[in-house]
Amino acid sequence: MTAEQAPVTLTIDGAEISVPAGTLIIRAAETIGKYIPRFCDHPLLDPLGACRQCLVEIEGQRKPLTACTTPVAEGMVVKTEFTSELAREGQEGVLEFLLINHPLDCPMCDKGGECPLQDQALAYGPGGSRYIDPKRRFTKPVPISPLVKLDRERCVLCARCTRFSDQIAGDPFIELFERSALEQVAIFEDEPYDSIFSGNVIQICPVGALTSSTFRFRARPFDMAGADSTCNRCASGCRITVQTRRGQLVRVLAKDDPAVNEEWICDKGRFGYAYAQSPERLVEPLVRKEGEFVAVSWAEALQVVADRIIAAREGGTSSAIIAGQQLVDEDAYAISRFARTVLGTNDVDARRMLGGEGEDAVLAAIPKSITATNKDIDAAKLILTVGIDLHEESPIVFLRVRKAARKGVAVREIGPRRTTSRISGAAWTQCRPGGEAAVLAGIARALEVRGNSGLDPFTRAAMQSGDPGIPGDQIEALASTLQSAHGSVVVLAGDGLGSVPGALALAWNVTAAIGGKFGWVPRKAGARGALWAGLHPALLPGGRSAASEDDRAAFGDVWGIDPPAARGRDARAIFQNAANLGALFLAGVDPVADFEDAELAARALDDAPFVVALDLFLTESAKRADVVLPAAAVYERDGTQTNWEGRPQPVRAAVPPAGLAQSDYEILAQIADVAGVAFPQTLDALRKEMKALAVTPAAARAVTVGLPSQPPATGLLLATSQPLLDEGTMMKGADALMQTTSPVTIEINSADAAGLITGETVVVRAARSEVRAPVRVTDSVARGVVFVAAHAGFAGRNGESVQVEKAQNERAES
Amino acid sequence: MMSTSTLQETKVVTQRFDVPDGARLEGYRKTGGYEALRKALSMTPDEIIDVVKTSGLRGRGGAGFPTGTKWSFIPKDKRPSYLVCNADEGEPGTFKDRELMERDPHQLIEGMAIGAFAIGSTEMYIFCRGEFAYAARQLERAAAEAYEAGILGRKIMGSDHDLDLIIHRGAGAYICGEETALLEAIEGRRGQPRLRPPFPATHGLFAKPTVVNNVETFACVPHIITNGADWFKGFGTEKSPGTKMFCLSGDVERPGNYEVPFGTPARDLIEGFAGGVKGGKKLKAFTPGGASSTQFFGPDKLDTNMDWESVMAAGSLLGTGAIIVFAEDVCMVRAALRYTRFYAHESCGKCTPCREGTYWMVNTLERFENGQGREEDMAIMNDVAGNIMGRSFCALGDFSVAPVTSTIKLFADEYRRHIEKGGCPFDR
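In order, the protein sequence lines correspond to chains A and B.
One rule links them: number in the numbering used here = place in the first sequence (from 1) + 4.
One rule links them: number in the numbering used here = place in the second sequence (from 1) + 226.
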């Protein structure tokens with residue numbers, strides 16, 4: 005079968021239509037606006053034919069057939085319930101059956117008002133039931149996870165939830181058990197329903213069988229207001245619907261967008277909104293007076309900050325901004341513009357981890373180049389992930405890759421730990437932390453041997469420094485696979501690569517050499533927007549270089565002044581220089597918790613003469629500030645969020661800002677105004693400037709940078725990454741969600757276990773930190789590697805040498 | 227009609243039941259066992275399929291599909307292919323396969339081996355009903371003997387053909403007798419029927435071309451190979467050639483399996499072989515083909531010839547050939563209830579009509595037995611049955627309605643007597 009088959013012409017209720025061969029009748033009918041009722045059918049799940057609700061009559065067939073499993077055929081004559089008595093009777097019969105054991109507790113059911121069973125019973129069912137005997141009873145509700153509650157009496161056994169878990173999420177810990185009318189959804193006795201996608205089963209449940217423990221009994225669907233927006237919990241950029249009741253956030257749903265998240269979102273995006281209405285939110289400006297924070301009016305706070313800026317400028321001291329990567333695009337742009345035109349500095353950075361050699365060149369290229377998109381993942385022959393755990397870092401991109409793999413797309417992974425085991429056919433090339441560059445250089449070398457001349461001098465030079473610890477035949481095979489998929493390769497790289505000298509540039513260049521598309525999948529939702537905005541000491545909006553006179557010239561017309569030319573300090577240098585700063589701004593960032601060198605950050609904030617923090621909470625960093633300005637949460641403001649693909653998507657306010665909080669751009673614009681500096685005051689004005697500074701992306705070209713010096717690494721090396729469900733500020737109040745977080749994980753390869761056994765408590769000692777937890781001996785981490793799922797309080801760095809030993813006569817739990 | 231005294235079974239697949247060690251390899255071989263396989267291995271696969279086609283052998287699992295035709299559906303260019311024996315005999319009143327496996331396991335293995343060679347398969351599975359512990363042990367012992375003797379394993383009987391046999395014991399679900407549910411179960415999943423198409427002939431076990439046949443069907447095969455298609459067609463009728471094991475049970479004097487040519491009248495089986503209705507009582511009804519007969523027969527159908535075409539002409543289905551006899555003092559409402567409970571319990575739960583409809587019918591029938599039946603319940607049950615029939619995912623739902631619709635059709639008066647009496651009129 006090929007995708008390009010001749011269309012098939014058929015008739016549905018007398019209307020002739022042509023659809024691609026292989027189309028199911030239920031989908032064909034949708035194309036002409038005919039809705040055939042259904043429960044088990046879901047366009048993103050494999051056809052099942054279980055509920056039998058979608059019966060239609062097909063001329064020449066004795067029995068009615070299910071529209072959800074029957075493909076169209078040339079000349080087929082389909083009659084739906086509108087024109088066929090057989091179909092209508094069949095559908096009524098099925099609905100009557102579905103309701104005999106259904107409790108009909110609609111008045112107290114969360115689904116009431118948005119329930120396909122309720123809606124379809126009304127539209128297609130018989131008026132009443134002839135069933136008078138007792139209904140099947142079950143204990144209810146049963147919690148199948150901290151987030152999901154199951155009511156088996158309401159369940160119509162459509163198997164959407166179990167199929168979602170198996171087919172889409174790949175974590176089939178929810179299954180149908182028993183048979184006959186006692187068939188029921190359940191979880192296994194000895195395994196929890198452990199899924200970061202569990203909320204989706206609630207949303208696709210066509211009845212009120214699976215309900216959300218956070219939303220239960222909170223509101224009726226028809227009593228809610230809200231807005232369609234974009235999730236800011238990672239760079240996937242899922243479209244969401246934020247729902248409110250009486251000005252309170254009560255629910256977040258996935259919004260259907262085939263190009264981005266289809267109909268799915270992860271549990272962090274769905275259940276993690278509670279922080280926005282935390283009582284700990286900052287609701288008014290604070291100014292430190294005699295050592296204590298005092299709540300003041302906006303006018304006073306703005307004046308304090310503006311005075312300081314003016315004084316610094318007049319005194320010739322420079323100022324700097326450390327920004328977060330979770331800001332909307334307009335905020336990021338406003339910060340960049342504020343730094344350049346109000347503070348007059350390039351000392352601005354939004355990175356938590358500072359990339360090694362080569363990172364800057366790639367970062368500069370990304371906003372100006374054509375990069376990978378979800379569509380490219382769908383169309384790829386081969387997807388290579390490097391330095392990223394998609395499942396934890398960008399879960400919906402993970403689902404996209406998994407879906408591609410189910411259709412036969414090959415998936416390859418390079419890294420110190422296997423993260424793609426839930427993706428069928430995915431193969432893993434292991435390396436030690438930091439060894440990604442060596443593997444990529446090895447691939448480059450193998451490609452060159454194959455006569456590929458697309459390699460730049462940097463890559464060519466890096467090729468000489470291959471890691472002898474990595475088997476050449478594996479790299480050879482990987483290179484050959486990449487080469488054979490030439491032109492249809494997508495390479496996905498994450499933040500993990502930023503800390504490996506040369507790796508990002510090598511990945512970029514190898515991708516360019518094989519005609520692939522490079523996808524930079526940063527961890528944070530606003531990273532791509534921050535990059536475009538130039539929250540980087542060497543970059544200006546649009547990937548323009550501060551060092552380039554031509555690039556700087558683009559700003560004259562828009563800003564009225566040219567940005568500074570000198571390369572600014574990066575985050576580390578800013579902190580090191582903090583004591584000499586006129587003012588240090590923190591915008592949506594908590595470096596004391598997040599920066600790679602948190603101690604440096606803390607010291608810097610203590611040393612800095614004047615710190616202004618724009619934040620939602622009085623974080624450890626904000627506590628060290630002199631002025632704290634309350635910022636609006638993402639649910640409280642309008643804006644744009646550009647996801648990993650570079651796709652700008654709308655963010656819309658669903659609730660008013662907490663207290664007196666304002667959007668970051670509004671705060672900065674007012675500071676500028678008070679300081680007497682011209683600055684765009686509205687979203688529209690900012691957008692107009694951003695549009696004027698837009699660049700048209702061109703085909704990606706290899707970057708050239710200096711060759712990194714690879715420090716030799718010995719002994720056991722640490723690989724560490726943060727799980728999706730971390731313990732960050734933005735998890736505040738999401739108690740049920742936090743109950744689903746995994747305990748601290750320590751993994752070690754069986755070759756390095758040296759007598760350690762799974763479950764035994766071990767201590768991992770890093771240079772500045774240590775962690776104690778049960779170990780898992782597994783071949784899913786590379787030899788010579790200790791993996792630690794980072795948690796609050798562990799400050800180990802990727803690639804540093806660590807010691808692992810059995811915990812001495814101490815209990816694991818203190 | 228034959229007189230009772232002259233009744234003789236026509237023993238083909240049951241011929242070794244009386245051989246003392248017929249279930250052991252030695253006894254099997256003494257009576258010509260595995261000679262058919264030896265002969266088959268000297269033929270081409272197409273020749274074997276031709277003989278089976280010409281013999282007119284039809285599947286004994288209930289549907290009567292021509293076996294040779296089924297084998298010929300297996301694509302020649304797709305390997306591996308699998309041969310599977312459906313030994314999940316679980317229908318009430320059907321117990322022929324169990325006896326075939328317990329008393330002549332080698333016959334089944336030989337028939338399967340011939341089939342495997344014909345379709346180019348080197349791996350065979352027997353899905354044996356979980357409750358058949360003894361039958362499974364007999365099969366396992368026979369398989370061990372066959373491996374030992376080089377009849378299974380590498381290069382069987384000196385040929386170039388390799389052949390393995392895996393005996394898979396079920397876990398007690400009737401639905402696994404549905405061939406796609408059976409394949410799911412072998413693959414380690416829940417036994418629930420698969421969407422068709424694709425059919426097992428192209429996407430069967432492990433998504434490879436697969437033949438699934440009943441135990442009795444395979445048991446016929448060695449005899450057809452040995453004696454030829456014409457010999458086989460010498461028994462039975464034109465459209466139902468060969469012999470058939472009929473399972474006689476219920477209210478008869480001598481319940482058991484009887485092998486006779488197709489076309490033997492029901493009266494010969496019930497009144498002759500089975501010795502008539504127990505205790506000299508009158509016959510009230512019988513099933514011509516087990517629980518899955520679409521219609522129960524009354525005494526007026528006793529002269530129906532037991533072959534596919536005649537039973538169908540008389541308004542029912544031959545099915546597996548399980549004849550369950552109900553005497554005059556049997557409560558047919560209770561009979562319907564017990565059948566329907568079976569189907570409700572065995573409904574796999576996948577599709578709505580079968581899962582909910584059988585549950586509904588059981589509750590209604592229980593109400594009749596408890597004296598709370600209503601006149602309108604008969605019409606409602608017929609309607610419920612109509613909403614199951616032809617709308618369920620697999621045939622289990624279709625078959626589940628017969629006891630209800632049959633008894634309402636033939637014995638509506640009994641339902642009414644339940645209403646009038648306020649309970650079961652057969653209760654003493």
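Using N, Cα and C, we set each Cβ at its ideal position, and we do this for glycine too.
Glutamine 499(A) (DSSP reduced to helix, strand or coil) | Here residue 499(A) corresponds to residue number 495 of the first sequence, with the count starting at 1. Per the sequence presented here, residue 499(A) reads as aspartate, with glutamine not at that position. It is helical.
State the Cα-Cα distance for the pair valine 659(A) and valine 593(A), rounded to the nearest angstrom.
-> Taking the first sequence and counting its residues from 1, one reaches residue 659(A) at position 655. Taking the first sequence and counting its residues from 1, one reaches residue 593(A) at position 589. Valine 659(A) and valine 593(A): Cα-Cα distance of roughly 23 Å.
What does arginine 776(A) pair with, by DSSP beta-bridge criteria?
-> Here the question's residue 776(A) lines up with position 772 in the first sequence. Its beta-bridge partners are Val767(A).
Which of the three DSSP states, helix, strand or coil, is assigned to arginine 651(A)?
-> As a first step, residue 651(A) must be located in the first sequence, where it is residue number 647. Correct three-state label for arginine 651(A): coil.
With distances taken Cα to Cα, identify the nearest neighbour of asparagine 584(A) among Pro595(A), Ala570(A), Leu609(A).
-> To locate residue 584(A), count along the first sequence from 1; it is residue 580. Closest option to asparagine 584(A), Cα to Cα, is Leu609(A).
Under 8 Å from the C-beta of proline 51(A): neighbouring residues of chain B | Within the first sequence, residue 51(A) is the residue found at index 47, counting from 1. Per Cβ cutoff of 8 Å: Leu421.
Straight-line gap, cysteine 159(A) to leucine 214(A) (C-alpha atoms, nearest Å) | Translated into positions along the first sequence, residue 159(A) becomes position 155. Translated into positions along the first sequence, residue 214(A) becomes position 210. Taking the straight line from one Cα to the other gives about 8 Å.
Can threonine 443(B) and arginine 286(B) be called in contact, C-beta distance under 7 Å?
-> Your numbering for residue 443(B) matches position 217 in the second sequence. Your numbering for residue 286(B) matches position 60 in the second sequence. Yes, these two residues count as a Cβ contact at 7 Å.
Rounded C-alpha distance that separates alanine 266(B) from leucine 49(A) | What you label residue 266(B) is simply residue 40 of the second sequence in a count that begins at 1. What you label residue 49(A) is simply residue 45 of the first sequence in a count that begins at 1. Whole-angstrom Cα-Cα distance: 46 Å.
When the Cβ atoms of the region 125 to 135 of chain A are set against those of the region 161 to 180 of chain A, are three or more pairs found closer than 8 Å?
-> The region 161 to 180 of chain A and the region 125 to 135 of chain A do not touch, with fewer than three beta-carbon pairs separated by less than 8 Å.
Burial state of glycine 502(A), where buried means 16 or more other Cβ atoms lie within 10 Å = As a first step, residue 502(A) must be located in the first sequence, where it is residue number 498. With 16 or more other Cβ atoms within 10 Å, it is buried.
From phenylalanine 462(A) to leucine 451(A), what distance separates their C-alpha atoms?
-> Within the first sequence, the letter at position 458 stands for residue 462(A). Within the first sequence, the letter at position 447 stands for residue 451(A). Going from the Cα of phenylalanine 462(A) to the Cα of leucine 451(A) covers about 15 Å.
With 16 other Cβ atoms within 10 Å as the buried cut-off, status of methionine 228(A) | Along the first sequence, read from residue 1 onward, the residue named residue 228(A) stands at position 224. By the Cβ-count criterion, methionine 228(A) is buried, with 16 or more other Cβ atoms from all chains shown falling within 10 Å of its own Cβ.
Taking Cβ positions only, does histidine 429(B) come closer than 7 Å to chain D?
-> Included in the structure are the protein chains A and B, with no chain D among them.
Completely contained beta strand (DSSP E) runs for the region 344 to 412 of chain A, where each covers 3 or more residues = 386 to 390
Nearest-angstrom Cβ-Cβ length linking alanine 540(B) and lysine 527(B), presumed shorter than 8 Å | Position 314 of the second sequence, counted from the first residue, corresponds to residue 540(B). Position 301 of the second sequence, counted from the first residue, corresponds to residue 527(B). The pair is a contact, with the Cβ atoms about 6 Å apart (cut-off 8 Å).
Within 8 Å of chain B by C-beta, residues of the region 496 to 515 of chain A in sequence order | none
Give the C-beta separation of isoleucine 104(A) and cysteine 58(A) to the nearest angstrom, bearing in mind that I take them to be a contact with Cβ-Cβ under 8 Å.
-> The residue you call residue 104(A) lines up with position 100 of the first sequence. The residue you call residue 58(A) lines up with position 54 of the first sequence. With 8 Å as the limit, isoleucine 104(A) and cysteine 58(A) do not qualify as a contact, their Cβ atoms being about 19 Å apart.
Residues, ordered as in the chain, of the region 557 to 572 of chain B that lie near chain A by beta-carbon distance below 8 Å | Ala570, His571, Glu572
Compare the C-beta of isoleucine 496(B) against all C-beta atoms of chain A and say whether one is closer than 7 Å.
-> Position 270 of the second sequence, counting from 1, holds the residue named residue 496(B). No, no contact with chain A.
Could you name the residues of chain B that tyrosine 197(A) contacts, counting a contact when the two beta carbons are closer than 7 Å?
-> Position 193 of the first sequence, counting from 1, holds the residue named residue 197(A). Simply none; closest approach about 18 Å.
Return the first residue and the last residue of the alpha helix (DSSP H) that glycine 533(A) is part of.
-> Residue mapping note: residue 533(A) aligns to position 529 of the first sequence, counting from 1. Bounds of the alpha helix (DSSP H) holding glycine 533(A) are 531 to 537.
Which of the residues in the region 122 to 151 of chain A, read from start to end, lie with their CB under 8 Å from any CB of chain B?
-> Arg134, Tyr135, Asp137, Pro138, Arg140
Can you grab the Cα-Cα spacing for the pair glutamate 304(A) / valine 291(A), in whole Å?
-> As a position in the first sequence, residue 304(A) is number 300, starting the count at 1. As a position in the first sequence, residue 291(A) is number 287, starting the count at 1. Spanning the two alpha carbons is a distance of roughly 9 Å.
Counting contacts by CB-CB distance shorter than 7 Å, is glutamate 582(B) in contact with chain A?
-> Your numbering for residue 582(B) matches position 356 in the second sequence. Closer than 7 Å: yes.
Between Met269(B), Ile275(B), Arg255(B), which lies nearest to glutamate 371(B) when the distance is taken from Cα to Cα?
-> What you label residue 371(B) is simply residue 145 of the second sequence in a count that begins at 1. Among Met269(B), Ile275(B), Arg255(B), the Cα nearest to that of glutamate 371(B) belongs to Arg255(B).
Could you name each continuous alpha helix (DSSP H) segment of 4 residues or more that falls completely within the region 690 to 770 of chain A, going from the start of the chain to the end?
-> 739 to 742
Beta strand (DSSP E) containing threonine 166(A): first to last residue?
-> Looking up residue 166(A) in the first sequence gives position 162. Here threonine 166(A) belongs to no beta strand (DSSP E); instead the alpha helix (DSSP H) covers 164 to 167.
Comparing alpha-carbon positions, which option in Val98(A), Leu14(A), Ile374(A), Asp619(A) lies nearest methionine 734(A)?
-> To locate residue 734(A), count along the first sequence from 1; it is residue 730. It is Asp619(A) whose Cα lies nearest to the Cα of methionine 734(A).
Just checking, does the region 101 to 117 of chain A make contact with the region 62 to 75 of chain A on the three C-beta pairs under 8 Å criterion?
-> no
Give a yes or no on whether the C-beta atoms belonging to proline 362(A) and leucine 508(A) are separated by under 7 Å.
-> Position 358 of the first sequence, counted from the start, is the residue given in the question as residue 362(A). Position 504 of the first sequence, counted from the start, is the residue given in the question as residue 508(A). It is worth fixing the name first, because residue 362(A) is glycine in this sequence and not proline. Contact flag set, yes.
Ignore the nearest five residues each way along the sequence and tell me which others in aspartate 783(A)'s own chain have a CB closer than 7 Å to its CB.
-> As a working note, residue 783(A) is residue 779 in the first sequence. Excluding positions up to five away in sequence, the list reads Asn753, Ser754.
So, using beta-carbon positions, are proline 514(B) and serine 542(B) closer together than 7 Å?
-> For the purposes of this step, residue 514(B) is taken as residue 288 along the second sequence, with counting starting at 1. For the purposes of this step, residue 542(B) is taken as residue 316 along the second sequence, with counting starting at 1. Yes; because the gap between Cβ atoms is below 7 Å, this pair is in contact.
Beta carbon proximity, cysteine 577(B) to chain A, threshold 7 Å = The residue labelled residue 577(B) in the question sits at position 351 within the second sequence. Answer yes: the Cβ-Cβ gap between cysteine 577(B) and chain A drops below 7 Å somewhere.
Bounding residues of the alpha helix (DSSP H) (the contiguous stretch that carries tyrosine 524(A)) | Working through the first sequence from its first residue, we reach residue 524(A) at position 520. Reading off the sequence shown, one finds tryptophan at residue 524(A), where the question assumed tyrosine. Here tryptophan 524(A) belongs to no alpha helix (DSSP H); instead the beta strand (DSSP E) covers 521 to 525.
For glycine 376(B), return the contacting residues in chain A, with the cut-off set at a CB-CB distance below 8 Å.
-> For the purposes of this step, residue 376(B) is taken as residue 150 along the second sequence, with counting starting at 1. Those do not exist, as glycine 376(B) stays about 39 Å from chain A at its closest Cβ, beyond 8 Å.
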